[in-house]
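In our numbering, the protein residues as written are 156 to 436.
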């Protein structure tokens with residue numbers, strides 16, 4: 156998921172051709188106060204043109220208690236982006252308020268994403284994830300979280316591991332997607348690549364990005380490899396044949412395979428198909 160600042164029309168235009176699965180047209184914190192209104196006008200214009208192809212288009216609005224948040228929602232709700240990303244969600248009541256505002260603005264058919272930015276939000280991740288089935292994804296804001304924890308940024312992300320796991324568990328318990336936070340050290344590609352692979356292995360669906368140069372690394376980490384696809388196909392076929400023979404398990408590539416492995420394999424193949432569709436756009 157690539158953040159695209161709403162204040163810069165060049166970036167909004169460039170995002171149309173980048174190899175990103177999802178773009179977040181951003182009206183939030185990174186936008187200078189004096190540029191808030193123009194950013195909103197830019198995003199409305201680009202969203203209205205519906206020129207981002209098959210990319211998922213998400214709008215991050217400002218905090219609802221800010222001077223801009225509710226007007227952001229009123230401006231974009233009727234244009235039906237794929238989702239609205241609400242920042243600083245910390246409890247169930249925040250989710251309900253966000254959805255109420257979105258519905259009142261004519262966005263009752265628009266999906267909701269929520270940002271997990273604070274220690275309180277992490278501790279309330281289960282409450283947030285279960286607040287509404289309109290929530291399709293939980294998005295970590297790890298830079299904010301690190302700051303509020305008074306923690307240090309390290310290569311191995313030690314300070315974040317517990318928080319990442321808690322949010323992943325909450326998201327999966329209620330069938331939500333979950334996206335890892337940004338990597339702000341743009342020149343440290345080794346650390347970024349490590350963070351992408353760690354997030355993938357922990358169970359994230361993708362990575363938040365702040366620069367197009369990060370796309371190849373994230374895409375490589377989260378795109379299923381040929382060997383993984385081949386194994387997934389063997390898993391599905393192998394257990395199907397075992398079930399037909401009256402067995403509930405099978406061994407594939409020296410691994411014991413059960414039904415939950417098939418579900419994971421099917422999800423992997425769905426991801427492959429979705430990526431192919433975007434690449435063929």
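The beta carbon of each residue, even a glycine, is placed where N, CA and C say it ideally should be.
In this text, all values refer to a predicted model and were calculated from it rather than measured experimentally.
Start and end residues, alpha helix (DSSP H) containing residue i
i	result
residue 165	164-169
residue 356	344-357
residue 224	224-231
residue 277	274-278
residue 322	316-328
Whole-number beta carbon distance between residue j and residue i, since they are thought to touch under 8 Å
i	j	result
residue 363	residue 158	7 Å
residue 178	residue 209	That pair is no contact at about 11 Å.
residue 390	residue 374	Not really, about 24 Å apart at Cβ, beyond 8 Å.
Chain-order list of residues whose beta-carbon lies under 6 Å from that of residue i (same chain, five-residue window excluded)
i	result
residue 281	325
residue 335	295, 354, 359, 362
residue 348	372
Span of the beta strand (DSSP E) around residue i
i	result
residue 158	157-160
residue 214	211-215
residue 410	410-412
residue 401	Looking at the DSSP string, residue 401 is not in any beta strand (DSSP E), and its letter there is neither H nor E.
Nearest residue (CA-CA) to residue i, options the options
i	options	result
residue 305	273, 427, 224	273
residue 193	203, 202, 182	182
residue 414	343, 170, 387	387
residue 262	214, 300, 204, 328	214
residue 259	205, 171, 233, 338	233
residue 231	172, 265, 408	265
Alpha-carbon spacing of residue i relative to residue j, whole angstroms
i	j	result
residue 401	residue 411	16 Å
residue 377	residue 245	28 Å
residue 229	residue 252	14 Å
residue 352	residue 205	32 Å
residue 423	residue 379	7 Å
Residues of its chain near residue i, where Cβ-Cβ distance is below 7 Å and the 5 sequence neighbours each way are ignored
i	result
residue 186	160, 161, 162, 194
residue 256	219, 225, 228
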